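In this note's numbering, the protein residues as written are 107 to 237.
Inspection log for the structure reproduced underneath, given as structure tokens.
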């Protein structure tokens with residue numbers, strides 16, 4: 107039996123791969139992509155989030171980790187466009203589980219890495235998912 111794309115992406119996810127991807131390509135991917143990924147990562151860590159929501163998160167984060175996708179990540183400008191779309195779709199799907207604690211953890215990590223320069227991008231991402 108062939109695996110679905112989502113199963114392949116879920117299997118591609120690992121904590122180590124996630125943090126390596128952000129460390130290596132975070133600046134290239136941009137603050138919106140990084141913030142969206144961090145929100146999903148922290149949703150995944152919550153014990154009360156149901157399995158279906160975690161599977162959605164794993165698929166999106168696995169898609170981010172895999173270097174070969176619709177627009178290969180190494181392409182300038184468009185390389186992370188598809189990744190960002192996947193992350194936003196997952197965030198919209200699991201938005202009901204994104205609480206203040208999750209947002210603060212993600213925002214804290216963003217401040218550590220990017221300082222205040224990412225504030226507007228974080229607000230923009232939140233506006234897309236917390237309507």
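From the three backbone atoms N, C-alpha and C, an ideal C-beta is built for every residue, glycine too.
These numbers come from a predicted model, not from an experiment.
(message) According to DSSP, is residue 152 part of a helix, a strand, or is it coil?
(response) coil
(message) I'd like to check one pair, residue 208 with residue 149: are the Cβ atoms closer than 8 Å?
(response) yes
(message) Can you list, in chain order, the residues of its chain with a C-beta nearer than 7 Å to that of residue 228? Leave out the 5 residues immediately preceding and following it.
(response) 141, 213 and 216
(request) Compare the C-alpha of residue 118 against each of 235, 200 and 169 and name the closest. (result) 169
(request) Assuming residue 171 and residue 123 form a contact by the criterion Cβ under 8 Å, report the distance between their Cβ atoms to the nearest whole angstrom. (result) 5 Å
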